[in-house]
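Visitor: Position one of the sequence shown corresponds to residue 69 (the working numbering), numbered consecutively onward.
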Amino acid sequence: MARNFAHGNYSHTQKNARNSGGGRTPRDRARRTLSQNFLVDRHAVDLMVKAAAPKGLVLEPGAGEGVLTLALAEAGARVVGYEIDPLLAGKLSARTRSDPRIDVVRGDFTAARAPGEPFAVVGNIPYSVTSKIVDWCLRAPGLTSATLLTQREYARKRTGDYGRWSLVTVESWPWFDWRLGDTIGRESFRPVPAVDSAILLVRRRPEPLVQGRRSYQELVELGFGGVGGSVRASLKTRYPGVDAALKAAGVARDAVVGHVHPDQWITLWERLCR
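Written out as structure tokens, the structure reads:
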């Protein structure tokens, strides 16, 4: 059964809508506006389900035509699929109306209220709102895991696969483990996008690696602030004992912030903030 949820001002889609050229059907323009690339490769779907290992309540951003939705339900999950495109939401709702394992919500996943019970997020998400969906997941207290099919470059950047680490990953590291999963080639989608995708796995840790969220995040944000061009220069503006902490963490005195592993940040916090 489809439920209307939230229809706000989707300003991130409007520029694309204005710039879309002539010669396209309304459905072509909708796909472009909403960054719709549908997963059509059954092997890729199987890889997503295997990575997610779904059970209990699963929220799916961008349910689309329901290929992943049905696979998650068949694997034993209770699925709430969010779809912002009313035509797709209506079709999927009609298709799954008699299936008690699936509920379809017409609306924007990023405007949804997080469930009060533990839940996972699994989805082939639009490239254009990847950061918004990831931020939503990190803020949700009941989230146990997020298994997201994203642009491969984004997944590599967030998991340190380029040999550098981002603020989002380092800041959330004590609470979430970030892993790079299988690559899904662009030919697995229709329309075919310009780049490949990859499975990004974000798992909540059973126990946090630090006990002081605010002090840890203040430390990391200062380090990423860019003062002086190195982690050492940035941290010395506020914390005493930085050189000894860097040595204990195995961080070079001239290290730039992106080259400091998240685990090394844990050691820096233990030495400078506890």
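Using N, Cα and C, we set each Cβ at its ideal position, and we do this for glycine too.
Check whether the Cβ atoms of Trp233 and Val270 sit closer than 8 Å, and answer yes or no.
Guide: Locating residue 233 in the sequence shown gives position 165, counting from the first residue. Locating residue 270 in the sequence shown gives position 202, counting from the first residue. No, the Cβ-Cβ distance between Trp233 and Val270 is not below 8 Å.
Visitor: With a threshold of 16 other CB atoms inside 10 Å of the CB of Glu275, please say whether the residue is buried or exposed.
Guide: Counting from 1 along the sequence shown, the entry for residue 275 is found at position 207. Burial call: exposed.
Visitor: Taking the alpha carbon of Gly249 as the reference point, which residue from Ser256, Phe106 and Leu268 has its own alpha carbon closest?
Guide: As a working mapping, residue 249 is identified with position 181 in the sequence shown. Of Ser256, Phe106 and Leu268, the residue nearest in Cα terms is Leu268.
Visitor: With distance defined between alpha-carbon atoms, name the residue in Gly175, Ser213 and Ile201 nearest to Pro186.
Guide: Counting from 1 along the sequence shown, the entry for residue 186 is found at position 118. Minimum Cα distance to Pro186 is reached at Ser213.
Visitor: Evaluate Glu128 with the Cβ neighbour count: other Cβ atoms within 10 Å of its Cβ, from every protein chain shown; 16 or more gives buried, anything less gives exposed.
Guide: Numbered from 1 along the sequence shown, position 60 holds the residue referred to as residue 128. So Glu128 ends up on the buried side.
Visitor: Report back the beta-carbon spacing between Ala180 and Tyr222 to the nearest angstrom; my notes put them in contact at under 8 Å.
Guide: Residue mapping note: residue 180 aligns to position 112 of the sequence shown, counting from 1. Residue mapping note: residue 222 aligns to position 154 of the sequence shown, counting from 1. Not confirmed; about 22 Å, so no contact.
Visitor: Using 10 angstroms around the beta-carbon of Gly225, count the other beta-carbons present and answer buried if the total reaches 16, otherwise exposed.
Guide: What you label residue 225 is simply residue 157 of the sequence shown in a count that begins at 1. Per the sequence presented here, residue 225 reads as Lys, with Gly not at that position. Buried, since its Cβ has 16 or more Cβ neighbours within 10 Å.
Visitor: Which same chain residues, not among the five before or five after Ser298, have their C-beta less than 7 Å away from its C-beta?
Guide: Taking the sequence shown and counting its residues from 1, the one referred to as residue 298 is at position 230. If we look at Ser298 and ignore the five residues flanking it on each side, its Cβ neighbours are Asp322, Ala323 and Val324.
Visitor: Do Gly228 and Ala182 have their C-beta atoms closer together than 8 Å?
Guide: In the sequence shown, counting from the first residue as 1, residue 228 sits at position 160. In the sequence shown, counting from the first residue as 1, residue 182 sits at position 114. No, they are not a contact pair.
Visitor: In angstroms with no decimal places, state the Cα-to-Cα distance between Arg165 and Glu289.
Guide: Here the question's residue 165 lines up with position 97 in the sequence shown. Here the question's residue 289 lines up with position 221 in the sequence shown. If I take the Cα positions, the gap works out to 47 Å.
Visitor: Is the segment 279-294 in contact with the segment 254-264, if contact means three or more CB pairs nearer than 8 Å?
Guide: Counting Cβ pairs under 8 Å, fewer than three are found: no touch.
Visitor: Which two residues bound the contiguous beta strand (DSSP E) that contains Pro154?
Guide: On the sequence shown, residue 154 is found 86 positions in, with the first residue counted as 1. Unbroken run through Pro154 is the alpha helix (DSSP H), Pro154 to Thr164; no beta strand (DSSP E).
Visitor: Less than 8 Å between the C-beta atoms of Ile201 and Leu216, yes or no?
Guide: Taking the sequence shown and counting its residues from 1, one reaches residue 201 at position 133. Taking the sequence shown and counting its residues from 1, one reaches residue 216 at position 148. The answer is yes: Cβ separation under 8 Å.
Visitor: Which one of Lys118, Glu133, Leu125 and Gly134 has the shortest CA to CA distance from Val147?
Guide: Stepping through the sequence shown from its first residue, residue 147 is reached at position 79. Answer by Cα proximity: Leu125.
Visitor: Output yes if chain D places a C-beta closer than 8 Å to the C-beta of Ala301; else output no.
Guide: In the displayed structure, chain D is absent; only one protein chain is listed.
Visitor: Does DSSP put Leu235 in a helix, in a strand, or in coil?
Guide: Position 167 of the sequence shown, counting from 1, holds the residue named residue 235. If DSSP states are grouped into helix, strand and coil, Leu235 belongs with the helices.
Visitor: If I measure Cβ to Cβ from Gly326 and keep anything under 8 Å in the same chain, skipping five residues before and after, which residues do I get?
Guide: Within the sequence shown, residue 326 is the residue found at index 258, counting from 1. Only Arg232, Trp233 and Ser234 meet the Cβ criterion.
Visitor: From which residue to which residue does the beta strand (DSSP E) around Gly191 run?
Guide: Along the sequence shown, read from residue 1 onward, the residue named residue 191 stands at position 123. From DSSP, the beta strand (DSSP E) with Gly191 extends over Phe187 to Asn192.
Visitor: Inspect the beta-carbon positions of Val189 and Gln219 and report whether they are closer than 8 Å.
Guide: In the sequence shown, the residue the question calls residue 189 occupies position 121. In the sequence shown, the residue the question calls residue 219 occupies position 151. Cβ distance not < 8 Å, so Val189 and Gln219 don't count as in contact.
Visitor: Phe106 by DSSP, collapsed to three states: which one?
Guide: Position 38 of the sequence shown, counted from the start, is the residue given in the question as residue 106. Note: Phe106 maps to strand in three-state DSSP.
Visitor: Can you grab the Cα-Cα spacing for the pair Asp203 / Phe177, in whole Å?
Guide: Counting from 1 along the sequence shown, the entry for residue 203 is found at position 135. Counting from 1 along the sequence shown, the entry for residue 177 is found at position 109. Taking the straight line joining both Cα atoms gives about 12 Å.
Visitor: At the level of alpha carbons, what is the spacing between Phe244 and His111?
Guide: Locating residue 244 in the sequence shown gives position 176, where the first residue counts as 1. Locating residue 111 in the sequence shown gives position 43, where the first residue counts as 1. Looking at the two C-alpha atoms, the distance is approximately 27 Å.
Visitor: Using only alpha-carbon positions, find the residue among Ala301, Val278 and Thr305 that is nearest to Trp333.
Guide: Position 265 of the sequence shown, counted from the first residue, corresponds to residue 333. Taking only the C-alpha atoms, the option nearest Trp333 is Val278.
Visitor: In the DSSP assignment, find the alpha helix (DSSP H) that holds Tyr222 and state where it starts and stops.
Guide: Position 154 of the sequence shown holds residue 222. Where Tyr222 is concerned, the enclosing alpha helix (DSSP H) stretches over Arg220 to Arg226.
Visitor: For Thr198, I'd like the list of residues in its chain whose CB is within less than 8 Å of its CB, leaving aside the five on either flank, ordered along the chain.
Guide: By 1-based counting over the sequence shown, the position of residue 198 is 130. Excluding sequence neighbours, Thr198 sits near Leu216, Thr218, Gln219 and Tyr222.
Visitor: So, with DSSP's three-state summary, where would you put Tyr150?
Guide: On the sequence shown, residue 150 is found 82 positions in, with the first residue counted as 1. The answer is strand: DSSP assigns Tyr150 an E or B state.
Visitor: Buried or exposed: where does Glu142 fall if 16 or more other Cβ atoms within 10 Å of its Cβ makes it buried?
Guide: Position 74 of the sequence shown holds residue 142. Exposed is the call here.
Visitor: Report the CB separation of Val117 from Ala139 in whole angstroms; it is logged as a contact under 8 Å.
Guide: The count along the sequence shown starts at 1 and reaches residue 117 at position 49. The count along the sequence shown starts at 1 and reaches residue 139 at position 71. Val117 to Ala139, Cβ: 5 Å. Contact.
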